[in-house]
Amino acid sequence: MRNAERLCLAHFWVAFAAFAGAAVLGVWQMWVRSPLGAQVGSPGHYFMSVTAHGVAMAYVLTTFFIMGFGYFVAVTALDRPLPGKVWAWAGFWLGVIGVVLAVLAIGRGEATVLFTFYPPLTASVWFYLGLVLVVAASWIWCVLMIVAMADWKRENPGQPAPLAMFATVANAVMWLWTTVGVAAELVFQVIPASLGLVQTIDVGLSRTLFSWTLHAIVYFWLLPAYTAFYTLAPRAAGGRLYSDTMGRLTFILFLVYSLPVGMHHLMMDPEHGNGLKFLQTLLTVFVTVPTLLTIFTITASFEIAGRLRGGRGAFGWIRTLPWHRPMVLATGLAFVMLGFGGFGGIVNNGYGMNAMVHNTSWVTAHFHLIFGGSVVIMYFAIAYEIWPRLTGREHLSPAPLRLQLWLWFIGMMVMTVPWHWLGLQGQWRRVANFNYADPIIAGWGPWVIVSLAGGVILLISAMLFVRNLAVLHRSPAPAVARPLYALAVHPPQRVPAALNGFGLWNILVLVLMVAAYGWPILQFVIDPSPGAIVHRTQWP
Amino acid sequence: MTEHRQQPISEPHVLDQPWRLWSSIAIGGILLLGILLGVVIIPVVQGRGAGLDAYTAICRALGILPGSPAQPQPSTQFPATPVSQVVWTADVLQILSNADPRRGYEKVQEVCVSCHGEKGDSVGPDFPHLAGQSGAAIYKQLYDYRTGSRTNPMMTDVAKALDEKAIADVAAYYAAQPKRNLNPRSLGESPPNIVQLVELGDPNRNIPPCAACHRAGAAGPIETPILSEQRTEYLVAQLKAYASGERRNDVYGRMRTIASQLTDAEINGLAAYYRAGFK
């Protein structure tokens, strides 16, 4: 799979280059908002940096990592060559061109709209076109994933698709649904505004369309982590997957319930009735189900591994787990962060509590802990796990890998716990600086400095991560051949079609989306609200 | 069903059908429950407390009618009267951007020059400087005089004689004039409590920082006037008019809320501060 390895590595290195740059920006942002750097830079610089940080972390790191990992899974789990390799490379370069366009627009100060756009703020059209190219690249990836699994199924009639591939295709199918919202927003509203074809923009509609994408996009980023939980972690722990069916159900539930729930990002928005907000809140509750299934299944899988390694008693198996292996350690740390972040998310989903934490640092803390913490630490673990396969070389010692993972965990907790606390005290987000001369705000200062310290630890960890991968390319130790994917305790012989494909679930997603988003979108067409005047961003 | 069409349990469709059926029922059931609770049961029950009939409550829950089913809204039956007739629509912005300063200059020579000066440097303490003022701010004030949202013995008649296009032209002309340059040596230091009001406001009195909207040589949102280097006497008069409610064309009553909290000494201090060009 020489060519496929190059394909995967190309995607991963674009992802991690963006990650390293964005990590530096993140710390700079924390510094200028802290009492230590309060006089540094202008709000213009700050928001430009936030835009670049968000685009790099949320669009470039994720999309390129997920594409690279998907290609890897398609080749290794299906054990057959990747169909359409030329298309895959075309997608890669399309994405790279998109990233360059977007980064140039941000650097010129023409795209300071943050990565979630915020119409009627309008950036240079090159910024949006760049992001459209990245999304188009990911669509090519989606099609290739679906085709790869369909080809495999044709060659293996009646056989259950390998769980890793099933999960990857679930993510691809979900991503196709997910991007419809933001694509409609860009094509019909934002790009015409940025070209000057229209002078006003219906902000209620654009927020609604973005909310369609906004929650599911997080699950797009999350699913590779869950794929690793189910397929890589149990094997790395030396055990077996407790239940293959639980895995399939989990990915299906993510597909079904990540989409019709985005309105919980609009709880405080006036453009929707309470009834529709309630419906989507109720559906959001069901998003916790696949996570709870996963925590149960993976804990059970780890218990099997721990007991096989001689663990006794109710909790003795935890001690005997091979925590020195990066994948096992990362899974444990990810679960801790998932626990804190998950409970924070349930708070966000409560209407009354949402009113209190809305637009405060609590929200920033929540998504950094869940995505930057549990998800990205699994990206690290996945990279450490598959890098020997891609490069043919072995890590000389797992010690720097473990150090890096621990630093990431500690840094993320130190950064986000004070953020949550500050959010509860009313510290607002999306502001460039705080006036620490104000006695109320002065009280926040020490906590802001603590979270900055967490940010610095994260930056050290990010640099160590890049170093760990870079040195592997020159490692003298050849890769040791070992199985990658975990076997289930009861490997599936035959599974119902519903657990082996997505036809039924696509129909159900359609039904849910029509119910949850049909009227909320249609109301803007039937009775358009007054448009907001387009505001073009410019430097400074 | 005939005997030979029966399949053993391991055959795919025997395995598949219950999954299709029960997962559809489960997901559809949850959806229906959500719709029933969110759109029917909860709003109808809440609506009773708010004195709403079931139909109104359901329409509000759907967003067809404005307001929440949980509260009596609107709180008053009196129709709201806007404090200004100016709406920043795309059409108005188009009129502003198509305004012609040369035509504006002719109108200025005809009407405005005797008080506001040819270049926008006013001739007396009661008349505001207009040089370098935001065009949108001048437009709004003239329009408000025209519609009666703001009144002044002289300006009301002047503005009523101008049509919307002429207003935009005059605004564009004065906006294009260079800002005044004061001699910094003639300006005194501002007392710390005034600097504090400008930069931090006073949360205890619900006063936001002046500088949140009125900054050095700039202002926002769109209709906000630039106050730096404005005449002290004019600023004092306007703050007092806001405080007493005599002037009321400020959207959301923002300036009335603020000005009514200020002492006379603060009003004088702020006016002096802004006269100094917002150091």
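Chains X and R are the protein sequences, given in the same order.
By this note's numbering, the letter at position 262 of the first sequence is numbered 580, and the numbering carries on one by one without gaps.
By this note's numbering, the letter at position 267 of the second sequence is numbered 1577, and the numbering carries on one by one without gaps.
Every residue gets a Cβ at the ideal spot worked out from N, C-alpha and C, and that includes glycine.
CB contact check: I1405 of chain R to chain X, cutoff 7 Å:
Here residue 1405 of chain R refers to the residue found at position 95 of the second sequence. For I1405 of chain R, the nearest beta carbon of chain X is not closer than 7 Å to its own beta carbon.
Between which two residues does the alpha helix (DSSP H) holding V832 of chain X run?
Here residue 832 of chain X refers to the residue found at position 514 of the first sequence. Unbroken alpha helix (DSSP H) run through V832 of chain X: G821 to I844.
Own chain residues within Cβ distance below 7 Å of L439 of chain X, not counting five before or after:
In the first sequence, residue 439 of chain X corresponds to position 121, counting from 1. Hits under 7 Å: V431, H853 and T855.
Backbone CA spacing between A780 of chain X and I1532 of chain R [nearest angstrom]:
Here residue 780 of chain X refers to the residue found at position 462 when the first sequence is read from its first residue. Here residue 1532 of chain R refers to the residue found at position 222 when the second sequence is read from its first residue. Cα-Cα distance, rounded: 43 Å.
R426 of chain X: which of X:Q745, X:G522, X:P718 and X:G362 sits nearest, CA to CA?
In the first sequence, counting from the first residue as 1, residue 426 of chain X sits at position 108. Ranking the options by Cα distance to R426 of chain X, first place goes to X:G362.
Relative to the C-alpha of I767 of chain X, which candidate in X:V391, X:L532 and X:V732 has its C-alpha closest?
By one-based count along the first sequence, residue 767 of chain X stands at place 449. For the residues X:V391, X:L532 and X:V732, the minimum Cα distance to I767 of chain X belongs to X:V732.
Are the beta-carbon atoms belonging to I704 of chain X and F390 of chain X less than 7 Å from one another?
Position 386 of the first sequence, counted from the first residue, corresponds to residue 704 of chain X. Position 72 of the first sequence, counted from the first residue, corresponds to residue 390 of chain X. In this structure, F390 of chain X lies closer than 7 Å to I704 of chain X by Cβ.
Would you mind working out which of X:P848, X:W641, X:A815 and X:F783 sits nearest P552 of chain X, comparing C-alpha positions?
For the purposes of this step, residue 552 of chain X is taken as residue 234 along the first sequence, with counting starting at 1. The candidate whose alpha carbon is nearest that of P552 of chain X is X:W641.
Is the beta carbon of H791 of chain X sitting closer than 7 Å to the one on T709 of chain X?
Taking the first residue of the first sequence as position 1, residue 791 of chain X is located at position 473. Taking the first residue of the first sequence as position 1, residue 709 of chain X is located at position 391. Yes; because the gap between Cβ atoms is below 7 Å, this pair is in contact.
Hey, G1427 of chain R and V1421 of chain R are a contact pair by Cβ (cut 8 Å); roughly how many whole angstroms apart?
Translated into positions along the second sequence, residue 1427 of chain R becomes position 117. Translated into positions along the second sequence, residue 1421 of chain R becomes position 111. Wrong, their Cβ atoms sit about 12 Å apart, outside the cutoff.
Smallest Cα separation from G1579 of chain R: which of R:D1560, R:R1557, R:L1549 and R:R1566?
If you number the second sequence from 1, residue 1579 of chain R lands on position 269. Answer by Cα proximity: R:L1549.
Tell me which residues of the region 665-697 of chain X have at least one Cβ-Cβ distance to chain R shorter than 8 Å, keeping chain order.
none
On the CB-based measure, 16 or more other CB atoms within 10 Å of its CB, does S529 of chain X come out buried or exposed?
Translated into positions along the first sequence, residue 529 of chain X becomes position 211. Burial call: buried.
Spatially closest choice to E1509 of chain R from X:L770, X:L787, X:D756 and X:P814, by CA coordinates
As a position in the second sequence, residue 1509 of chain R is number 199, starting the count at 1. Looking at the Cα atoms, X:D756 is the closest of the given residues.
Please state if the CB of G690 of chain X and the CB of A623 of chain X are separated by a distance shorter than 7 Å.
Within the first sequence, numbered from 1, the residue matching residue 623 of chain X stands at position 305. Within the first sequence, numbered from 1, the residue matching residue 690 of chain X stands at position 372. No, they are not a contact pair.
Could you tell me whether the Cβ of A850 of chain X comes closer than 7 Å to any Cβ of chain R?
One-based indexing of the first sequence puts residue 850 of chain X at position 532. No, because no Cβ of chain R sits closer than 7 Å to the Cβ of A850 of chain X.
Use the C-beta contact count for Q1487 of chain R: other C-beta atoms within 10 angstroms, 16 or more gives buried, fewer gives exposed.
Sequence index remark: in the second sequence, residue 1487 of chain R carries index 177 (1-based). By the 10 Å Cβ count, Q1487 of chain R comes out buried.
Is L559 of chain X closer than 7 Å to A806 of chain X when the C-beta atoms are compared?
For the purposes of this step, residue 806 of chain X is taken as residue 488 along the first sequence, with counting starting at 1. For the purposes of this step, residue 559 of chain X is taken as residue 241 along the first sequence, with counting starting at 1. Taking a C-beta distance under 7 Å as the contact criterion, A806 of chain X and L559 of chain X qualify as a contact pair.
Could you tell me which residues DSSP pairs with W459 of chain X in its beta bridges?
The sequence position of residue 459 of chain X within the first sequence is 141, counting from 1. Paired residue(s): none; W459 of chain X is not in a bridge.
Assuming N751 of chain X contacts V452 of chain X (C-beta within less than 8 Å), just tell me the rounded distance between them.
Translated into positions along the first sequence, residue 751 of chain X becomes position 433. Translated into positions along the first sequence, residue 452 of chain X becomes position 134. Wrong, their Cβ atoms sit about 31 Å apart, outside the cutoff.
Are the CB atoms of G478 of chain X and V813 of chain X nearer to each other than 7 Å?
Within the first sequence, numbered from 1, the residue matching residue 478 of chain X stands at position 160. Within the first sequence, numbered from 1, the residue matching residue 813 of chain X stands at position 495. Note that residue 478 of chain X corresponds to Pro in the displayed sequence, not to Gly. Contact: yes.
Would V1570 of chain R pass as an interface residue toward chain X - the criterion being a Cβ-Cβ separation below 7 Å?
Looking up residue 1570 of chain R in the second sequence gives position 260. The question names Val, but residue 1570 of chain R in the sequence shown is Ser. Output row for S1570 of chain R: interface = no.
In this structure, how does DSSP classify I778 of chain X when only helix, strand and coil are distinguished?
Mapped onto the first sequence, residue 778 of chain X falls at position 460. Here I778 of chain X sits in helix by DSSP.
Leaving out the 5 sequence neighbours to the left and right, which residues in its chain are closer than 6 Å to Y1455 of chain R when beta-carbon positions are compared?
To locate residue 1455 of chain R, count along the second sequence from 1; it is residue 145. Correct list, in chain order: M1465, T1466 and A1469.
Tell me, please, whether the region 409-419 of chain X touches the region 813-831 of chain X by the rule of three or more beta-carbon pairs shorter than 8 Å.
Look at the beta carbons and you see the region 409-419 of chain X not touching the region 813-831 of chain X: under three pairs across the two are nearer than 8 Å.
Coil, strand or helix - T518 of chain X by DSSP:
The residue labelled residue 518 of chain X in the question sits at position 200 within the first sequence. DSSP places T518 of chain X in the strand class (E or B) of the three-state scheme.
Take R1315 of chain R and list the residues in its own chain whose beta-carbon comes closer than 6 Å to its own, dropping the five residues that flank it on each side.
Counting from 1 along the second sequence, the entry for residue 1315 of chain R is found at position 5. Any reading at R1315 of chain R must be qualified, since the residue scores a pLDDT of 47, below 50, and its modelled position is unreliable; no value is offered.
As an exercise, report each continuous alpha helix (DSSP H) stretch of at least 4 residues that is fully enclosed by the region 1378-1455 of chain R, in chain order.
1400-1407, 1411-1417 and 1423-1426
Mind listing the chain R neighbours of T353 of chain X? Cutoff is C-beta to C-beta under 9 Å, in chain order.
Taking the first sequence and counting its residues from 1, one reaches residue 353 of chain X at position 35. Position check: residue 353 of chain X holds Pro in this sequence, whereas Thr was assumed. Taking a Cβ-Cβ cut-off of 9 Å, P353 of chain X has no neighbours in chain R, whose nearest Cβ is about 16 Å from it.
At a Cβ threshold of 7 Å, is A1522 of chain R touching chain X?
Reading the second sequence from its first residue, position 212 is the one you call residue 1522 of chain R. Contact with chain X is absent for A1522 of chain R, since none of that chain's Cβ atoms lies less than 7 Å from the residue's Cβ.
By DSSP's criteria, A1528 of chain R is part of a beta bridge. Which residues make up the other side?
For this step, residue 1528 of chain R is matched to residue 218 along the second sequence. Bridge partners of A1528 of chain R: R:R1525.
Using 10 angstroms around the beta-carbon of P794 of chain X, count the other beta-carbons present and answer buried if the total reaches 16, otherwise exposed.
Within the first sequence, residue 794 of chain X is the residue found at index 476, counting from 1. Per the 10 Å Cβ criterion, exposed.
Rounded to whole angstroms, what's the CA-CA distance from I839 of chain X to L523 of chain X? Just pull it up for me.
The residue you call residue 839 of chain X lines up with position 521 of the first sequence. The residue you call residue 523 of chain X lines up with position 205 of the first sequence. Between I839 of chain X and L523 of chain X, the C-alpha separation is close to 7 Å.
Ends of the alpha helix (DSSP H) at E712 of chain X?
Position 394 of the first sequence, counting from 1, holds the residue named residue 712 of chain X. E712 of chain X -> no alpha helix (DSSP H), and no H or E assigned at all.
Is the shortest distance between the beta-carbon of R1525 of chain R and the beta-carbons of chain X less than 7 Å?
As a first step, residue 1525 of chain R must be located in the second sequence, where it is residue number 215. By this cut-off, R1525 of chain R is not an interface position.
Proximal chain R residues relative to F604 of chain X, where beta-carbon distance stays under 8 Å:
Position 286 of the first sequence, counting from 1, holds the residue named residue 604 of chain X. Result: I1340.
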